[in-house]
Every structure is written in C-alpha cells, then in structure tokens.
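Asker:
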C-alpha cells in the first residue's frame, strides 16, 4: 500500500512569507501528526489531527497551524516565516494515534 | 517531564563489528518504546518497538529489550553492514487522554560503518 506522502519535498521561502505543507496519510489512517526536526532542537511535536479535529498541540507559537480534511489529508501552515523555521517537517500517520506511526519523507523548508 | 537520553555520536565501526547504542528514558507511567532510523535525506522508519517491560523488539538483525528496572532500551546488532550507516532515534510514547500517543525522541545517534 502507498506510504505517507508529503509535498513538496523542498521549499525555499523568504522571511515574512507564509507556507503551506501537505501530507497524505496511508489509506484508512485517521490520525495525522506533525513534527519539526532541526539540528539544534531535534524532533519536536507540533500537533495532531484526528477526524478533522486537532486533538493535541505542542509548544509552538500561533504562527504554526494546521487542518485536516474529510479524506484525512492534512496541511500545516506557517505564517510570517522566520529564519529559525528552517527545518525538516515530518508528517506521521496512524489508524487511531496509539498503534504505531508511519512517517513520510518530509518537507525541507529553507527560509532565507 | 518525559524524556529520552541517547549516547552521543557519531559511532564509528568497521563492517561486521558489534553495535550497541544506549538509550535510557524518564517517564511517568508505562511508555511504549521505539527505535527509528533515518537515512540521509529521508524521513523516519520504524525499526522496532516494545510495549511492555521485558519485551524484546527485533527487526533486520537489530534487537532491543525493554528494561523497566534500569529504564533502558539499548539497541544492539551482532554484525553491522555499511548499509546500516544512518541516524538512529530512540523514542517513547505514553497514552494521553485523547487516545493519541505523542512521540518523545532522543537526540539521535549517527552510526558510520566503514568497509
């Protein structure tokens, strides 16, 4: 079966702009979670969506937001980009959120 | 808070050497434990997991045993290959009220295997 698909793979944006990243989970998976990976902070949890509702949120500013559609696809949005937002953003899906996670290959965002 | 501590890398080994990557955790409750692997330019792949004390997870020659008494989940492989070169992440998850189990990751350990 198809894995978790994240688009785009690479993105370059300018400070102050906004960006939207997309994640298509494995078919049948209803939980989608997002993580930010940076060399300094490592892997940090952003938020999780289940059946179109945000169930959990990490400790990130309000500039980071997301949503989930009825087909379980999810998007995350970062507004007013800062240089420190440069990172690999990883999406993970699971059936319910408590039974194992499959990660996508990530979107590498560079803010210049 | 809940946390995972991994040994600093890089770990440099010759092919066919024995591998150990140490991982200890701090958690309130009874976490599930995972090892993920990340190859260059890729996302995370689940390598193995254990959900309760004394469970042994294994996959592709890698093993790790959930040790509650020492709060550890060390990764081992008897004979590494060049293709095992990657970054390895130890992680834990705990059940939350909503049913979601957030993953808490260690800092990762880079493994370099030379021919």
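Chains as they are written, first to last, in my numbering: chain G, 269 to 380; chain F, 62 to 176.
Ideal Cβ placement from N, Cα and C applies to all residues, glycine included.
On a predicted model such as this, the values are computed, not experimentally measured, just so you know.
Under 8 Å between beta-carbons, which chain F residues line up against residue 368 of chain G? List them in chain order, please.
Answerer: Result: 107 and 110.
Asker: Taking the beta carbon of residue 351 of chain G as the centre, do at least 16 other beta carbons fall within 10 Å, making it buried, or is it exposed?
Answerer: Flag for residue 351 of chain G reads exposed.
Asker: Express the C-alpha separation of residue 335 of chain G and residue 319 of chain G in angstroms, rounding to a whole number.
Answerer: One C-alpha to the other measures close to 10 Å.
Asker: Quick check on the burial criterion: 16 or more other C-beta atoms within 10 angstroms. Buried or exposed for residue 280 of chain G?
Answerer: With fewer than 16 Cβ atoms within 10 Å of its Cβ, residue 280 of chain G is classed as exposed.
Asker: Determine whether the Cβ of residue 168 of chain F lies closer than 8 Å to any Cβ atom of chain G.
Answerer: Closer than 8 Å to some Cβ of chain G, the Cβ of residue 168 of chain F qualifies, so yes.
Asker: Using a C-beta cutoff of 8 Å, does residue 328 of chain G count as contacting chain F?
Answerer: Not closer than 8 Å to any Cβ of chain F, the Cβ of residue 328 of chain G fails to qualify, so no.
Asker: Assign residue 304 of chain G to buried or exposed, taking buried as 16 or more other Cβ atoms, counted over all protein chains shown, within 10 Å of its Cβ.
Answerer: The residue in question, residue 304 of chain G, is buried, as its Cβ has 16 or more Cβ neighbours within 10 Å.
Asker: Please list the residues of the region 134 to 156 of chain F that have a C-beta atom closer than 9 Å to any C-beta atom in chain G, keeping them in chain order.
Answerer: Those residues of the region 134 to 156 of chain F that come within reach of chain G (Cβ to Cβ, closer than 9 Å) are 150, 152, 154 and 156.
Asker: Determine whether the beta carbon atoms of residue 135 of chain F and residue 81 of chain F lie at a separation below 8 Å.
Answerer: Yes, these two residues count as a Cβ contact at 8 Å.
Asker: Mind the definition here: the region 112 to 130 of chain F touches the region 337 to 356 of chain G only if three or more C-beta pairs lie below 8 Å; say whether that holds.
Answerer: No, the region 112 to 130 of chain F does not touch the region 337 to 356 of chain G.
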